[in-house]
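Chains as they are written, first to last, in the numbering used here: chain A, 21 to 481; chain B, 21 to 481.
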């Protein structure tokens, strides 16, 4: 049963499993104790730290283990901000960072600090120039992901680091998605990562803080992990995390090339096999194993369930698959279609035949969901008189219905005519303009109306 | 090789190991995802929560899993304080709480709040009346451990809970040391625990918050664990923690009775076998598996190493075994001897023969350490004229040397005479008065002198 959601969590790597079992026997004691079981645990912890630091590209005493990538980000950002509080309380992030970074940014704002969210282009990439321009004299910290977790696009980390160096601002790089594939370009001041993304166990994050970077750990703290990660360390998991990082990195180049070719095939074939699809994210500067696309007139949740029934596990940034019923902030920042969104992230060792089977199955699955929703197969030819304006009331209807209703009536207005869709669904804000882009029609704009928003489109062809 | 430090960490329980291995296969995916691996992980998480809640005595939706007992305490205290911020910023704790509670209290003070640390008697127990009297109209939270982690003394939780109920103050009970042995008496508002104390894996703490208790989680937060514990959950560890809690609790009564008898034997025999020993902690109202004693004229670190060479792993609250070179705050709050301190905490299934062997070995080990330090075997008879005052300069010397020097010269002053010990070692503040208590001599008091403190003793017999 092919699992294609490695960017969320990967099954435990065999090396991680073996290391975990050994460390459960040898590393359950408190590494701070003086007796033999404690000393043995300390040796394992030191060895794990050395191995992880070598892979991360830092000194062992610069790296601590945290209970998750999220906690590494929360505590790393808080510590770096507190360490530079005299400089100011301004934080720079990319608009498409992981939600843990954005939550930390919101916490800073709630405490009176300020945040600049640098926008991205339609591929999900920040401009190095715009990122550099966001740095201010009162900027305490800048954060930038190495690569995006939803669309795979790599960020210009080296250029951002150089701009930060010139401005005297520490740069935190969230390497959660990329560290298993290779080291992060030098120049970062803080680095975070998450072991269960590279086949390590859950329960382990990395936080590296370069010597000399001002850092004041969040209180309360204790004496564990240089005072930067309180609580009894999960040593078996830490040992497994370090061992598997080393193992996957030893073969990362070959496996990346293999998965990159599989992803290239998905990127090329999906638009040929499925009508009305937008493949998103940078086609070249991207993670090797990840591809994301959105299908017009498709309900993301229904699509996920249909793929699940066919044996494929994927995730989605569509609003219907989130607890808040809002499209993913990444797709929103990119300004791309959010309905019928599918993220395919291939785990280590993915069988090429499973990818082929996915391509075989996908067109029928999408067609089935569209048919069930009554989606238009193509825009009908116009027969109506010029100057007509149609209003579609889709209030109370969820993604992708508003766009389906728009498409259904669009043929009824002549070239030059207007269609206005009334919707109270957040996804419409993204998907109506995206539909226009895909169909070559003109998006006129939105205005507030009673009970929702009116989105207006002009027919061009 | 007998390991007698279960209060620090216990080897993984066989049930925990089995559950962990199964959950590594079945529960590695994100339980928030819609596909089959995610649904399977969700089922495991829900079942673990139900099992742990049943053992803790709460509803499943009142309980979240945290990355450690320390983080449960940090986040539980912060959340409860923030939830009642309008009431006030006063916190009540026992002076002998786990350092995680005291660190959280210090963090509150650093932010402008206030803390009452309720003192304990020589057994390490708070008085229920004193605890109740510490509650004020502006008290936001009270915290009390179920039993002490260093000396095993049980606290009057039920009485404290009743006083808190009357005062309208939520009570947080730190049940880290006791939850494996039985449920905490009702009446608590918040409960914390730590899985690796009961044979579960590291990386799992419990935080229960009763319905209706005001709680505002620390920011940044995310949607995991009711917004109370951010980050990807360590599901295999959580499953193992819940399974082992249920397993140990099913046999807790019988095992507690067995270990209680072993500890009673240690409590009775150690003072008979080893001269100049003080067994500390409540002899009856105590954890079943834990006993602590202190040996006059003994260096705790040397004692630990000597016991380790004999194959016994124990811990110590002596100053020489701590990174800060200060005696444990618990022993200090109790006002008992801190030098040569040994905590024996028996893990589940301890062999009675190992305890006997410990009793066989201990007298020789203590005598060896004393001999090496040149400790007096008994106080020599006095021959000096009355009215003499001797001054012993032990500046720059570490525990237990100042007390050894005191004992060596004590026979040189007549009954009624004074001996003053000059010391800059923090342990002397505890150990000189404790020596007086054990020897039936009068502790006159302390005064500051250049480079340290002068502790004065009057000879009574």
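The beta-carbon is built from N, C-alpha and C at its ideal position, and this holds for glycine as well.
- request: Flag residue 126 (chain B) as yes if its beta-carbon sits less than 8 angstroms from any beta-carbon of chain A, otherwise no.
  value: Taking the second chain and counting its residues from 1, the one referred to as residue 126 (chain B) is at position 106. Closer than 8 angstroms to some Cβ of chain A, the Cβ of residue 126 (chain B) qualifies, so yes.
message: Quick check: is the beta carbon of residue 248 (chain A) nearer than 8 angstroms to any beta carbon in chain B?
response: Walking along the first chain from the start, residue 248 (chain A) turns up at place 228. Chain B contact via Cβ: absent.
- prompt: So, do the segment 426-439 of chain A and the segment 340-355 of chain A have three or more beta carbon pairs nearer to each other than 8 angstroms?
  reply: Under the 8 angstroms Cβ criterion, the segment 426-439 of chain A does not count as touching the segment 340-355 of chain A, having fewer than three qualifying pairs.
query: Three or more beta-carbon pairs under 8 angstroms between the segment 170-190 of chain B and the segment 305-316 of chain B, yes or no?
result: Contact between the segment 170-190 of chain B and the segment 305-316 of chain B is present, because at least three Cβ pairs lie under 8 angstroms.
- request: Inspect the beta-carbon positions of residue 302 (chain B) and residue 145 (chain B) and report whether they are closer than 8 angstroms.
  value: By one-based count along the second chain, residue 302 (chain B) stands at place 282. By one-based count along the second chain, residue 145 (chain B) stands at place 125. Contact check for residue 302 (chain B) against residue 145 (chain B) passes: the beta carbons are separated by less than 8 angstroms.
query: In this structure, does DSSP put residue 317 (chain A) in helix, strand or coil?
result: Here residue 317 (chain A) refers to the residue found at position 297 when the first chain is read from its first residue. In the structure shown, residue 317 (chain A) falls within a coil segment according to DSSP collapsed to helix, strand and coil.
- prompt: From the beta carbon of residue 232 (chain A), is the nearest beta carbon of chain B less than 8 angstroms away?
  reply: Translated into the one-based positions of the first chain, residue 232 (chain A) becomes position 212. Put simply, the CB of residue 232 (chain A) is far from chain B, with every gap to its CB atoms at 8 angstroms or more.
query: Going along the chain, which residues of its own chain have a beta-carbon closer than 8 angstroms to the beta-carbon of residue 33 (chain A), five neighbours each way excluded?
result: For this step, residue 33 (chain A) is matched to residue 13 along the first chain. Excluding five sequence positions before and after residue 33 (chain A), the CB atoms of its chain that fall closer than 8 angstroms to its own CB belong to 218, 219, 220, 264, 267, 268 and 368, given in chain order.
- request: In angstroms with no decimal places, state the Cα-to-Cα distance between residue 244 (chain A) and residue 379 (chain B).
  value: Within the first chain, residue 244 (chain A) is the residue found at index 224, counting from 1. Within the second chain, residue 379 (chain B) is the residue found at index 359, counting from 1. Distance between the alpha carbons of residue 244 (chain A) and residue 379 (chain B): 33 angstroms.
task: Flag residue 368 (chain B) as yes if its beta-carbon sits less than 8 angstroms from any beta-carbon of chain A, otherwise no.
output: For the purposes of this step, residue 368 (chain B) is taken as the residue at position 348 of the second chain. It does not; no Cβ of chain A falls within 8 angstroms.
query: For the alpha helix (DSSP H) that contains residue 119 (chain B), what are its first and last residues?
result: For the purposes of this step, residue 119 (chain B) is taken as residue 99 along the second chain, with counting starting at 1. Its alpha helix (DSSP H) spans residues 119-130.
- prompt: Leaving out five residues before and five after residue 116 (chain A) in sequence, what residues of the same chain have Cβ atoms less than 6 angstroms from its Cβ?
  reply: As a first step, residue 116 (chain A) is located in the first chain; it is residue number 96 there, counting from the start. Closer than 6 angstroms at Cβ, skipping near neighbours: 140, 144, 168, 350 and 353.
- request: Go through its chain and collect everything with a Cβ distance to residue 325 (chain A)'s Cβ below 7 angstroms, but skip five positions before and after it.
  value: The residue you call residue 325 (chain A) lines up with position 305 of the first chain. No residues qualify anywhere along the chain.
Cβ shell of residue 366 (chain B) (< 8 angstroms), same chain only, five flanking positions each side left out: Position 346 of the second chain, counted from the first residue, corresponds to residue 366 (chain B). Scanning its chain for C-beta atoms nearer than 8 angstroms, with the 5 sequence neighbours on each side dropped, one finds around residue 366 (chain B) the residues 24, 26, 279, 282, 283, 309, 310 and 375, in chain order.
- prompt: Roughly how many whole angstroms lie between the Cα atoms of residue 15 (chain A) and residue 214 (chain A)?
  reply: Since the first and last residues shown for chain A are 21 and 481, residue 15 (chain A) lies out of range.
query: Which word fits residue 414 (chain B), buried or exposed, when buried means at least 16 other C-beta atoms lie within 10 angstroms of its C-beta?
result: Taking the second chain and counting its residues from 1, one reaches residue 414 (chain B) at position 394. The residue is buried, with at least 16 neighbouring Cβ atoms inside 10 Å.
query: According to DSSP, which residues form a beta bridge with residue 410 (chain A)?
result: Counting from one through the first chain, the residue named residue 410 (chain A) turns up at place 390. Residue 410 (chain A) is bridged to A:439.
task: Would you kindly check if the distance between the Cβ of residue 190 (chain B) and the Cβ of residue 210 (chain B) is under 8 angstroms?
output: For the purposes of this step, residue 210 (chain B) is taken as the residue at position 190 of the second chain. For the purposes of this step, residue 190 (chain B) is taken as the residue at position 170 of the second chain. Yes, the pair counts as a contact, with Cβ atoms nearer than the cut-off.
Under 8 angstroms (Cβ pairs) to chain B, residues found in the segment 202-224 of chain A: In summary, the residues of the segment 202-224 of chain A whose CB is separated from some CB of chain B by less than 8 angstroms are 214, 216, 221, 222 and 223, in the order they occur in the chain.
task: For the alpha helix (DSSP H) containing residue 472 (chain B), list its first residue and its last residue.
output: Counting from one through the second chain, the residue named residue 472 (chain B) turns up at place 452. Note, residue 472 (chain B): premise wrong, no alpha helix (DSSP H); beta strand (DSSP E) at 472-478.
message: Using only the alpha-carbon positions, how far apart do residue 216 (chain A) and residue 458 (chain A) sit?
response: As a first step, residue 216 (chain A) must be located in the first chain, where it is residue number 196. As a first step, residue 458 (chain A) must be located in the first chain, where it is residue number 438. The alpha-carbon separation between residue 216 (chain A) and residue 458 (chain A) amounts to approximately 37 angstroms.
Distance, residue 205 (chain B) Cα to residue 74 (chain B) Cα: Stepping through the second chain from its first residue, residue 74 (chain B) is reached at position 54. Stepping through the second chain from its first residue, residue 205 (chain B) is reached at position 185. Rounded to the nearest angstrom, the gap between the Cα atoms of residue 74 (chain B) and residue 205 (chain B) is 14 angstroms.
- request: For residue 101 (chain B), collect the residues of the same chain with a Cβ closer than 6 angstroms to its Cβ; drop the 5 residues on either side in sequence, then sort them by chain order.
  value: For this step, residue 101 (chain B) is matched to residue 81 along the second chain. Taken in chain order, the residues that qualify are 160 and 161.
- prompt: Between which two residues does the alpha helix (DSSP H) carrying residue 185 (chain A) extend?
  reply: For the purposes of this step, residue 185 (chain A) is taken as residue 165 along the first chain, with counting starting at 1. For residue 185 (chain A), the enclosing alpha helix (DSSP H) has its first and last residue at 177-187.
field: Identified DSSP bridge partners for residue 85 (chain B)
entry: Counting from 1 along the second chain, the entry for residue 85 (chain B) is found at position 65. For residue 85 (chain B), which the question treats as bridged, DSSP gives the partners B:226.
message: Output needed for residue 246 (chain B): all residues of its chain with C-beta closer than 7 angstroms, excluding positions within five of it in sequence on either side, in chain order.
response: The count along the second chain starts at 1 and reaches residue 246 (chain B) at position 226. These residues qualify, in order along the chain: 84.
- prompt: Between B:180, B:238 and B:345, which lies nearest to residue 155 (chain B) when the distance is taken from Cα to Cα?
  reply: The count along the second chain starts at 1 and reaches residue 155 (chain B) at position 135. B:180 is the residue among B:180, B:238 and B:345 whose C-alpha sits nearest the C-alpha of residue 155 (chain B).
query: Using 8 angstroms as the limit for Cβ to Cβ distance, is residue 264 (chain B) near chain A?
result: Working through the second chain from its first residue, we reach residue 264 (chain B) at position 244. Not one chain A Cβ lies under 8 angstroms of residue 264 (chain B).
message: Check whether chain A comes within 8 angstroms of residue 67 (chain B), counting only Cβ atoms and requiring the distance to be less than that.
response: Start at 1 with the first residue of the second chain, and residue 67 (chain B) comes out as number 47. Not one chain A Cβ lies under 8 angstroms of residue 67 (chain B).
task: Taking C-beta pairs closer than 8 angstroms, name the residues in chain B that residue 243 (chain A) reaches, listed in chain order.
output: Walking along the first chain from the start, residue 243 (chain A) turns up at place 223. In chain order: 343.
Chain A contacts from the segment 312-324 of chain B (Cβ-Cβ distance under 8 angstroms): Those would be 321 and 324, in chain order.
Buried or exposed by the 16-neighbour rule on C-beta atoms within 10 Å, applied to residue 481 (chain A): Taking the first chain and counting its residues from 1, the one referred to as residue 481 (chain A) is at position 461. By the Cβ-count criterion, residue 481 (chain A) is exposed, with fewer than 16 other Cβ atoms from all chains shown falling within 10 Å of its own Cβ.
message: If the cut-off is 7 angstroms on Cβ atoms, which residues from the segment 41-65 of chain B count as contacting chain A, listed in chain order?
response: From the segment 41-65 of chain B, only 44, 48, 49, 50, 53, 54, 55, 56 and 57 have a Cβ closer than 7 angstroms to chain A.
field: Residue-chain proximity (residue 32 (chain A), chain B), Cβ-Cβ < 8 angstroms
entry: Your numbering for residue 32 (chain A) matches position 12 in the first chain. Taking CB atoms only, residue 32 (chain A) has a neighbour in chain B less than 8 angstroms away.
message: Quick check: residue 21 (chain A) and residue 388 (chain A), are their CB atoms within less than 8 angstroms of each other?
response: Looking up residue 21 (chain A) in the first chain gives position 1. Looking up residue 388 (chain A) in the first chain gives position 368. Not closer than 8 angstroms, so no.
task: Note the first and the last residue of the continuous alpha helix (DSSP H) segment covering residue 151 (chain A).
output: Within the first chain, numbered from 1, the residue matching residue 151 (chain A) stands at position 131. That run of the alpha helix (DSSP H) goes 148-154.
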